[in-house]
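Everything on this sheet refers to the single structure shown next.
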Amino acid sequence: MMLKDKVVIVTGCNSEIGMGWATALKAATEGANVVVCDYQTDKLSTLVEAIEALGQNAIALDADVSNRDQVDAVVSQTIATFGRIDVLVNNAGIATHNGPFLECSAEMLERNLDVNFKGVWNFCQAVIPHMIEQGGGSIVNNASLNATRPVAGWAPYTSSKMAMIGMSKSIALEFGIHNVRCNCIAPGPIRTELGLGGSKRLADELGIPFEEAVDLAHNANVMRRWGAPSEAADVMVYLASDMASFVTGSTIDVGGGFVAGM
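All residue numbers in the sequence shown are consecutive under my numbering, ending with 301.
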């Protein structure tokens with residue numbers, strides 16, 4: 040029960056095979072009450088039911104993380120419902136609009152920055168004052184191995200995730216004195232809709248079968264397999280919990296040894 044009686048916000052929860060979904064369930068398993076949010080909400084009621092079946096309370100809220108007013112509304116509703124916010128998991132993200140650098144438009148860059156960077160910025164700014172007031176809290180941001188080991192053709196996405204890591208370190212430096220911790224995970228090939236979408240784009244670019252592109256991700260890490268969303272969720276919940284009480288400003292790779300030889 041690493042998060043017993045904690046209140047946790049998780050963004051980007053609408054995919055049943057996503058890291059947000061898995062993290063929300065893991066947090067509930069560890070004793071937390073959970074606020075799940077996404078700009079798409081058609082599956083969130085199912086997730087709330089699954090959390091309630093674990094004996095915890097949950098609410099689902101609609102939010103475009105790039106819209107500060109909507110983010111503030113989520114935070115206000117969380118405080119009104121549960122009275123506090125102990126953990127923020129910024130999981131919402133996109134990995135679209137990429138390609139050769141000279142072909143990337145300003146709109147491509149802005150879209151990645153809006154969700155992957157500005158969305159995290161919005162939620163952190165909205166939540167940190169409440170964490171300071173209550174004596175502390177934990178923020179976990181979902182970055183990417185593309186931020187720690189960039190690859191060609193992903194400049195907008197990589198830039199947004201690198202910026203997220205820089206922001207997270209700045210938050211850790213500024214608010215550690217208030218017992219507010221901020222860390223990142225950097226997932227590698229995790230079998231999510233977003234991850235498999237990357238393999239689909241790679242298959243199209245290389246003109247190879249989809250399954251062959253999926254196998255390329257297998258072979259890129261020393262464990263020779265894709266990670267499960269639950270494996271990323273385990274690390275996020277660890278960072279959120281008091282078991283990581285002296286960990287802040289860090290980025291943990293969750294990529295099956297993808298960067299082990301770097």
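Glycine included, C-beta positions come from ideal geometry on N, C-alpha and C.
Keep in mind that this is a model prediction, so the values were computed, not measured.
DSSP places residue 195 within a helical segment (H, G or I) once states are collapsed to three.
Residue 139 sits exposed, since fewer than 16 C-beta atoms from the chains shown fall within 10 Å of its C-beta.
In this structure the region 235-249 does not lie against the region 181-188, because fewer than three pairs of beta carbons, one per stretch, are closer than 8 Å.
Looking from the CA of residue 68, the closest CA among 97, 82, 57, 77 belongs to 97. Look at residue 226 here: in three-state DSSP terms it is strand. Residue pairing by DSSP puts residue 291 in a beta bridge opposite 224. Residue 155 places its beta carbon less than 8 Å from that of residue 133.
Taken in chain order, the complete alpha helix (DSSP H) segments of 4 or more residues contained in the region 138-207 are 145-151, 158-173, 184-187. In the three-state DSSP reduction, residue 118 falls in the helix class (H, G or I). If you draw a straight line from the Cα of residue 249 to the Cα of residue 242, it is about 5 Å long. The distance from the Cβ of residue 111 to that of residue 47 is about 18 Å, inconsistent with a contact at the 8 Å cut-off. By the C-beta density criterion, residue 195 is buried, having at least 16 other C-beta atoms within 10 angstroms. Of all C-beta pairs linking the region 221-232 to the region 278-295, three or more are shorter than 8 Å, placing the two stretches in contact. In the three-state DSSP reduction, residue 87 falls in the helix class (H, G or I). Within the same chain, 125, 170, 219 come within 6 Å of residue 176 by CB-CB distance, once the 5 residues on both sides are set aside.
Here DSSP, grouped into helix, strand and coil, assigns residue 73 to strand. The three-state secondary structure of residue 57, taken from DSSP, is coil. Nearest to residue 239 by C-alpha distance, out of 261, 217, 135, is 135. DSSP places residue 247 outside both helix and strand once states are collapsed to three, so it counts as coil. For residue 276, the uninterrupted alpha helix (DSSP H) segment begins and ends at 268-279. Residue range 126-129 is occupied by the beta strand (DSSP E) that includes residue 129.
Here DSSP, grouped into helix, strand and coil, assigns residue 62 to helix. Excluding the 5 residues flanking it on each side, residue 63 has same chain C-beta neighbours closer than 7 Å at 49, 52, 73, 75, 86, 90, in chain order.
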